[in-house]
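Notes follow once the structure below has been shown.
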Ligand code: BYC
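Numbering (the working numbering), first residue to last: 36 to 363.
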């Protein structure tokens, strides 16, 4: 359903027709009609390349994203919280599985994707380059980062590439559980002792700018939005998604008596748009290009995991299996 990247050796693989204006027009007409593009359908090389880039980054974000919360499993306050967090972190790794399978249908092997992650060639979400300093960070990640991801994923699950959309639909079901888990911890701390509230407020202050960055650079700076929206890979621009998030979640934060570290943040009732201080985009580009507080540590952990797991992968590999060659 999601994958299908492997084909038996010697399978018949017809050569894809070269790109032509007619094929491109037919492809774009299918997208305009709302049809899903499937792995063996003709697609322009640029569509394939963009999808690989985006799905691969998304998959990496899930496995790297398991790390900050993962560090709190052993320290969760109580058995119920520990069980829920363990299940949540495990789900995130499962999401990576779904997404790597979806990206494999486009012709890039999982091994190449993981190598590109470890050697720093591929990006992953900015937010996972920050430490989870306290238990309140787990609340902020589970509530607000999962909420931000849901805004992005619900929209893009209506997109054009079948395997990615189906993976996103399933991921969203699980993310709604994650959001409940995060919200429960968040409300517990917000309505707890003074010390708990202060810990939550401090986590919120630290995470706010990374969360604003999460949706990507503002539309005037975004490189890929125009192409990706034309081909319905992205169903809304970075700014539109950021606005949706602010609209849905700022009131929920304020109603708990918490503040956000942006004096300009307010809804303009005449336009319905949220006004906010533009986050520092230099910081964002530093972080996504390897210079955030935890980038080196995150990749080092992944590298060790890859090295230690090599014998398991070797034991499971079928000698006659190979990756499908892309059809376009
Ligand atoms: N972080 O042209 P733009 C989760 C890069 S995990 C890092 O606007 P695009 C969870 C961008 O790649 C869910 N890099 O890009 C897991 C591009 O660089 P390259 C994570 C970013 O693609 C565990 C450059 O900036 N969600 O929920 O049109 C625990 C220019 O940007 C970011 C996804 O991965 C960023 N935030 O739009 C808890 C969603 N933003 O590639 C929770 C899938 C931008 O040219 N991805 N860049 O070198 C997307 O929807 C889109 O790729 C983005 C960016 C909206 C993020």
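For glycine and all other residues, C-beta sits at the position ideal for the given N, C-alpha and C.
On a predicted model such as this, the values are computed, not experimentally measured, just so you know.
Residue range of the unbroken beta strand (DSSP E) whose run includes residue 1: Not covered by the structure: residue 1. The range shown for the chain is 36 to 363.
Beta carbon proximity, residue 348 to chain B, threshold 7 Å: No chain B is part of this structure, which consists of one protein chain only.
Residue 76 CB to nearest heavy atom of the ligand BYC below 6 Å: Along the chain shown, read from residue 1 onward, the residue named residue 76 stands at position 41. No, the beta carbon of residue 76 sits no closer than 6 Å to any heavy atom of the ligand BYC.
Stretch pair the stretch 312 to 328 + the stretch 214 to 225: three plus CB contacts closer than 8 Å: No contact exists between the stretch 312 to 328 and the stretch 214 to 225.
Check: residue 98 C-beta below 6 Å from any heavy atom of the ligand BYC: By one-based count along the chain shown, residue 98 stands at place 63. Residue 98 has its Cβ no nearer than 6 Å to any heavy atom of the ligand BYC.
Bridge partners - residue 310, DSSP secondary structure assignment: Taking the chain shown and counting its residues from 1, one reaches residue 310 at position 275. Note: residue 310 sits in a beta bridge opposite 301.
Contact check, residue 171 vs residue 234, beta carbons under 7 Å: For the purposes of this step, residue 171 is taken as the residue at position 136 of the chain shown. For the purposes of this step, residue 234 is taken as the residue at position 199 of the chain shown. Cβ atoms of residue 171 and residue 234: closer than 7 Å.
Residue 343, buried or exposed, once every other Cβ within 10 Å from all chains shown has been counted against 16: The residue you call residue 343 lines up with position 308 of the chain shown. Per the 10 Å Cβ criterion, exposed.
Cα-Cα separation, residue 265 to residue 166: The sequence position of residue 265 within the chain shown is 230, counting from 1. The sequence position of residue 166 within the chain shown is 131, counting from 1. In a straight line, the C-alpha of residue 265 is about 36 Å away from that of residue 166.
Beta-carbon proximity list for residue 36, same chain, < 7 Å, skipping 5 on both sides: Residue mapping note: residue 36 aligns to position 1 of the chain shown, counting from 1. Interpretation of residue 36 is limited by its pLDDT of 42, a score under 50 that renders its predicted location unreliable; the figure taken from the coordinates is listed afterwards. Excluding residues within five positions, the ones whose Cβ falls inside 7 Å are 201.
Of the listed residues 154, 52, 294 and 65, nearest to residue 341 (C-alpha basis): For the purposes of this step, residue 341 is taken as the residue at position 306 of the chain shown. Check the Cα spacing between residue 341 and each of 154, 52, 294 and 65: the tightest is with 154.
Residue 351 versus residue 95: straight-line alpha-carbon distance, rounded: By 1-based counting over the chain shown, the position of residue 351 is 316. By 1-based counting over the chain shown, the position of residue 95 is 60. Their Cα atoms are separated by approximately 22 Å.
Close-in-space but distant-in-sequence residues of the same chain around residue 99 (CB under 6 Å, 5 per side omitted): Counted from its first residue, the chain shown places residue 99 at position 64. Closer than 6 Å at the Cβ level, and outside the excluded window around residue 99, lie 159, 163 and 333.
Environment of residue 143 [buried if 16+ CB atoms lie within 10 Å]: Position 108 of the chain shown, counted from the start, is the residue given in the question as residue 143. It counts as buried.
Limits of the alpha helix (DSSP H) - the one that residue 77 falls within: Within the chain shown, residue 77 is the residue found at index 42, counting from 1. Segment: none, residue 77 is in no alpha helix (DSSP H) and carries neither H nor E.
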